[in-house]
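Novice:
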Amino acid sequence: MNRREKLIALLFILPACVLIGVFVFGPALAMSRTSLHRQGLTDQHVGGYCGAANYEAVWADPDFRRAARNTAYFTVLVVPLQTVLALLLAVWTNGPGWSLRTLRLAVFIPTAISLTVLSVLWKLLYEPSGAAGAGLFNGLLTSLGLPDQPFLTSPRQAMLCIVVMSVWQGVGFQMMIFLSGLQTIPDELYEAASLDGARCWQRFRYITLPGIAPITALVAMITTIFALKLFVQPYLMTGGGPEGSTISVVQYIYEAAFFRRDLGLACAAGAIFFVVVTAIAVTQRRLLRATEAIQ
Amino acid sequence: MINPDYRRSCFALAVIATVGWAGCERTQDGGNVQLVTVWAHQGQELENAAMREIIAAFNQAHKQEKLQVEISFFPDRQYADKVSIASASARLPDVLDIDGPHVGPWAAEGLLHPIDEFVSDELRADFLPSIIQQGTFAGRLYALGAFDSALVVYYNRDMIEAAGLQPPERVQDAWSWDQFLDALQRVKAHAAIPLSLHMDEQSDEWLTYAFSPLIWSNGGQLIDTENQRVVGILDSPPVVQALGRWQELFKSGFAEATTTNPNPFAAGLAAFDWTGHWMLPSFEVAEGLRFGAMPLPQLGDNLVCASGSWCWGISRDCRDKAAAWKVLAWLVDPEHGIKPIVEANGAVPSRRSAFRLFPEYGQMPRRLFREQLETAARARPRTPVYFSLTSEFARAMRDIALGADVQTALTKAAHTVQRALDRQQPGK
């Protein structure tokens, strides 16, 4: 590359750099700075430096701990469930023909619909089936002679209900990624295995799984990051209740900023959250790479 | 080698960017016309249309003076967030719409400019006491509204008569809690839902607005604003007792803790409806519905009613406070401001002198609306931590409705709000 080409190349990446700088790095730096100062939401100037006081306050706050526990619980349930289900659906719907195409589309559609709309719809589905209620799930249970379930109004069931809804909503996206991965596995491998007498399960175990290992790593990582960012579903379906059982870290950050009017606290929580998410993503990547190397 | 097409495109982009940038610059003077900016929450379409007409009339009347108003509407639920963010970047409008209980935090945070200097004693006395109370923070007046709200219990006459009940009409004759429970027990046989409490309402404010009067009536408070205490106040015995009795409504099957029906009363399903003036128009047009209204039942010895609604204040960032006051005065003027907006939203006029424009306030149920605002209304607490208080209180109320332990729910809420309060005053 001569100098001129280098300059043009730089010009081409400039818009992306500017946008990332303004919308990602700028706010991240501002957040780190605010997290070390006392600052109210509506203050025009950053307040006094307070060292790690905001971090200590976040750490000591039982509401934050609760939110962190809930988010961890959600992630631990959603990531394996969604990844395995997406893989199974991808294997099942991989192939030509209109019926499989329709099935793929049906699984994918929820991903293309706004999560806000889906949350409101699922809230209705989980309603009681009584006099004024119109809950479809409870209606089905009643028609089968089973007792009504409290679903979103029970501290024990609410998060599980959100997990089910989230898996249903997100699985289509992961399935598509798996499908693209499946198509990279050469057919010859399957043919050879069949000739050697490998059964369906063996073909899956020894060809498909190793073939899509890198994709699995990617899917697991994306799902983990999405899961940790949980906000819309509980915010709209339960408001974080009942009894704080579905409040997420992101909702805690939102409430710290806009309800407690405490930008310092919100930024400290945001910074902790950022570090934890990054650490998990990096660890996960390393672990999966290691497994890949062994295979 | 650089392609000439690229060079041209780059140049074109640069030109577009420069022109676009310049296009964002707005001329404020617009030919020596003084512009006052107003932000309002987006209400029902009728209400927004009335607001636009009020502003158009102002602009028409002040053409000679070259004073003009520009109004912008923002969705209800994002309005408070929008104002908070605008404050941080010093871009507040001159005059802004404020939900009553937000006067406290916004005045404490310095977003608002006090308006005492513009309000004469005579003018002050013309406003309902609840409006003055709502607009006052730390001894200074920050906001005035064109209307107030009224919270009553509507009843279905057919069901009440079938149960042989005679609800009161006057504030001082309000039922005791036991009388109310007894009435609910008696109408249970005649109604699918004895009492509608609108637990489908998504906003936290509904719960604080609608049920704080029970706590006040029982001698409790949500917060001690003088000593900045929430722990030991929000979870104190009078509050726990009041909400324990409120929980009986759900436990006895009188009210539903979860529902999707926003208006079971108009549909003839509910015998009683604990709600505000804003539902009245839907009841008046409901086919075959015969209804009346009574004051809220009282839990304790104090006779208390709810109050509060949107009001107007002048922002800190406003350069010409006197011009902004002219606009505010127009918005709360009986003829120019109150009449059109109240006709659109059905709220209660905020000024005694405005009631002569509304003959319907001589009859029930509107007579009760006025009477309770004049005699027994109380504004929600004016505190810097109101946003946190109302959110945590509503969260506790939802849990209590679903059967949670009252003391535990209130203690948790009290501690969360106390933490927010303590962090606002370092050193405490």
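Chains as they are written, first to last, in the numbering used here: chain A, 4 to 298; chain B, 241 to 668. Beta carbons: idealized from backbone N, C-alpha and C, even for Gly. Quantities reported herein were computed from a predicted structural model and do not represent experimental measurements.
#1: Got a sec? Which residues, its chain only, sit under 8 Å from Arg-292/B by beta carbon, not counting five neighbours each side?
#2: Measuring straight from C-alpha to C-alpha, what distance separates Lys-561/B and Leu-381/B?
#3: Rounded to whole angstroms, what's the CA-CA distance from Trp-446/B to Asn-73/A? Just pull it up for me.
#4: Could you confirm whether any beta carbon from chain A is found closer than 9 Å to the beta carbon of Thr-498/B?
#5: Taking 9 Å as the cut-off, decide whether the C-beta atoms of Ala-89/A and Gly-175/A are in contact.
#6: Below 8 Å between beta carbons is the criterion; list the residues of the segment 486-516 of chain B that meet it against any residue of chain A, in chain order.
#7: Starting from Phe-420/B, follow the alpha helix (DSSP H) in both directions and report where the run begins and ends.
#8: Just how far apart, CA to CA, sit Trp-261/B and Val-273/B?
#9: Tell whether a beta-carbon distance below 9 Å holds between Leu-314/B and Trp-279/B.
#10: According to DSSP, which residues form a beta bridge with Ile-372/B?
#11: Please confirm if Ser-707/B has its CB atom under 9 Å from at least one CB of chain A.
#12: Please state whether DSSP places Gln-205/A in a helix, a strand or coil.
#13: Please classify Met-168/A as buried or exposed, where buried requires at least 16 other C-beta atoms within 10 Å of its C-beta.
#14: Below 8 Å, can you find three or more Cβ-Cβ pairs linking the segment 423-438 of chain B to the segment 497-510 of chain B?
#15: Which residue's Cα is closest to the Cα of Phe-181/A: Asp-265/A, Gly-244/A, Ile-215/A, Phe-262/A?
#16: So, for Ile-16/A: in the same chain, excluding its five sequence neighbours on each side, which residues have a beta-carbon less than 7 Å away from its beta-carbon?
#17: Please return the same chain residues whose Cβ sits closer than 8 Å to the Cβ of Ala-55/A, not counting the five positions on each side in sequence.
#18: How far does the alpha helix (DSSP H) with Cys-140/A in it reach, from first residue to last?
#19: Given that a residue counts as buried once 16 or more other Cβ atoms are within 10 Å of its Cβ, and exposed if not, what is Cys-551/B?
#20: What residue from Glu-496/B, Arg-556/B, Thr-465/B, Gln-603/B has the CA that sits closest to Asp-662/B's CA?
#21: Taking 7 Å as the limit between beta carbons, can you name the residues of its chain near Pro-408/B, skipping five residues before and five after?
#22: What whole-angstrom Cβ distance do Pro-453/B and Cys-545/B have, given they're in contact under 8 Å?
#23: Beta-carbon within less than 7 Å of Leu-149/A's beta-carbon, same chain only, minus the 5 sequence neighbours each way: which residues are those?
#24: Go through its chain and collect everything with a Cβ distance to Gln-254/A's Cβ below 8 Å, but skip five positions before and after it.
#25: Please classify Gln-425/B as buried or exposed, where buried requires at least 16 other C-beta atoms within 10 Å of its C-beta.
#26: Apart from the five residues on each side of it in sequence, which residues of its chain come closer than 7 Å, Cβ to Cβ, to Lys-668/B?
#27: Please classify Ala-262/B: does DSSP put it in a helix, a strand, or coil?
#28: Using three-state DSSP, classify Thr-241/A as helix, strand or coil.
#29: Answer yes or no: do Thr-630/B and Asp-440/B have a C-beta to C-beta separation smaller than 9 Å?
#30: Going by DSSP, what residues sit across from Thr-277/B in a beta bridge?
#31: Measuring CA to CA, which of Arg-317/B, Ser-628/B, Ala-450/B is closest to Gln-538/B?
#32: DSSP state of Phe-26/A, grouped into three classes?
#33: Enumerated in chain order, which unbroken segments of the alpha helix (DSSP H) with a length of 4 residues or greater are wholly contained in the segment 553-641 of chain B?
Specialist: This is what the structure holds:
#1: The count along the second sequence starts at 1 and reaches residue 292/B at position 52. Counting only Cβ-Cβ distances below 8 Å, and skipping sequence neighbours, we find Ile-311.
#2: Walking along the second sequence from the start, residue 561/B turns up at place 321. Walking along the second sequence from the start, residue 381/B turns up at place 141. Between the alpha carbons of Lys-561/B and Leu-381/B lies a gap of roughly 14 Å.
#3: As a working note, residue 446/B is residue 206 in the second sequence. As a working note, residue 73/A is residue 70 in the first sequence. Whole-angstrom Cα-Cα distance: 27 Å.
#4: By 1-based counting over the second sequence, the position of residue 498/B is 258. At least one beta carbon of chain A lies nearer than 9 Å to the beta carbon of Thr-498/B.
#5: On the first sequence, position 86 is the one that residue 89/A refers to. On the first sequence, position 172 is the one that residue 175/A refers to. In this structure, Ala-89/A lies near Gly-175/A, with their beta-carbon atoms less than 9 Å apart.
#6: Taking 8 Å as the cut-off between beta carbons, the residues of the segment 486-516 of chain B near chain A are Glu-496, Ala-497, Thr-498, Thr-499, Thr-500, Asn-501, Pro-504, Leu-509, in sequence order.
#7: Residue numbering aside, residue 420/B sits at position 180 when the second sequence is read from its first letter. For Phe-420/B, the enclosing alpha helix (DSSP H) begins and ends at 417-427.
#8: On the second sequence, position 21 is the one that residue 261/B refers to. On the second sequence, position 33 is the one that residue 273/B refers to. Any answer about Trp-261/B is weak, because its pLDDT of 43 lies below 50 and its placement is not dependable; what the coordinates show is given next. Distance between the alpha carbons of Trp-261/B and Val-273/B: 24 Å.
#9: On the second sequence, position 74 is the one that residue 314/B refers to. On the second sequence, position 39 is the one that residue 279/B refers to. Correcting the residue type first, residue 314/B is Phe in the shown sequence and not Leu. Contact: yes.
#10: Indexing the second sequence from 1 puts residue 372/B at position 132. DSSP, once it has assigned bridges, lists no residue as partnering Ile-372/B.
#11: No statement about residue 707/B is possible, as the shown extent of chain B runs from 241 to 668 and does not include it.
#12: If you number the first sequence from 1, residue 205/A lands on position 202. Of the three classes helix, strand and coil, the one that applies to Gln-205/A here is helix, per DSSP.
#13: Numbered from 1 along the first sequence, position 165 holds the residue referred to as residue 168/A. Classification for Met-168/A: buried.
#14: By the Cβ criterion, the segment 423-438 of chain B is in contact with the segment 497-510 of chain B, since at least three pairs of Cβ atoms, one from each stretch, lie closer than 8 Å.
#15: Within the first sequence, the letter at position 178 stands for residue 181/A. Nearest Cα to Phe-181/A within the set Asp-265/A, Gly-244/A, Ile-215/A, Phe-262/A: Ile-215/A.
#16: Translated into positions along the first sequence, residue 16/A becomes position 13. Apart from the 5 residues on each side of it in sequence, Ile-16/A has no Cβ closer than 7 Å to any other Cβ in its chain.
#17: Translated into positions along the first sequence, residue 55/A becomes position 52. Answer for Ala-55/A: Leu-39, listed in chain order.
#18: Numbered from its first residue, the first sequence carries residue 140/A at position 137. Here residue 140/A turns out to be Phe, not Cys, going by the sequence shown. Taken as a continuous stretch (DSSP letters only), the alpha helix (DSSP H) holding Phe-140/A covers 139-146.
#19: The residue given as residue 551/B occupies position 311 in the second sequence. Result: buried.
#20: Start at 1 with the first residue of the second sequence, and residue 662/B comes out as number 422. Here the closest residue by C-alpha is Thr-465/B.
#21: Taking the first residue of the second sequence as 1, we reach residue 408/B at position 168. Only Ala-414, Trp-415, Met-534, Pro-535 meet the Cβ criterion.
#22: Stepping through the second sequence from its first residue, residue 453/B is reached at position 213. Stepping through the second sequence from its first residue, residue 545/B is reached at position 305. Contact holds; Cβ gap of about 6 Å.
#23: Start at 1 with the first residue of the first sequence, and residue 149/A comes out as number 146. No residues qualify anywhere along the chain.
#24: What you label residue 254/A is simply residue 251 of the first sequence in a count that begins at 1. So the list reads Ala-70, Phe-234, Pro-237, Tyr-238, Gly-243, once near-sequence residues are dropped.
#25: Numbered from its first residue, the second sequence carries residue 425/B at position 185. Taking all protein chains shown into account, Gln-425/B has fewer than 16 neighbouring C-beta atoms within 10 Å of its C-beta and is therefore exposed.
#26: Start at 1 with the first residue of the second sequence, and residue 668/B comes out as number 428. Note on Lys-668/B: pLDDT 43, under 50, position unreliable in the model; the coordinate value appears next. Closer than 7 Å at the Cβ level, and outside the excluded window around Lys-668/B, lie Asp-662.
#27: The residue given as residue 262/B occupies position 22 in the second sequence. With a pLDDT of only 40 at Ala-262/B, under the threshold of 50, the placement of this residue in the model should not be trusted; the figure read from the coordinates follows. Helix.
#28: In the first sequence, counting from the first residue as 1, residue 241/A sits at position 238. Assignment of Thr-241/A by DSSP, reduced to helix, strand and coil, places it in the coil class.
#29: Within the second sequence, residue 630/B is the residue found at index 390, counting from 1. Within the second sequence, residue 440/B is the residue found at index 200, counting from 1. At a Cβ-Cβ threshold of 9 Å, Thr-630/B and Asp-440/B do not count as neighbours.
#30: Counted from its first residue, the second sequence places residue 277/B at position 37. Answer is Glu-310/B.
#31: As a first step, residue 538/B must be located in the second sequence, where it is residue number 298. Ranking Arg-317/B, Ser-628/B, Ala-450/B by Cα distance to Gln-538/B puts Ala-450/B first.
#32: Counted from its first residue, the first sequence places residue 26/A at position 23. The DSSP-derived three-state label of Phe-26/A is helix.
#33: Taking only runs of at least 4 residues, the alpha helix (DSSP H) segments lying wholly in the segment 553-641 of chain B are 561-571, 579-585, 606-615, 626-641.
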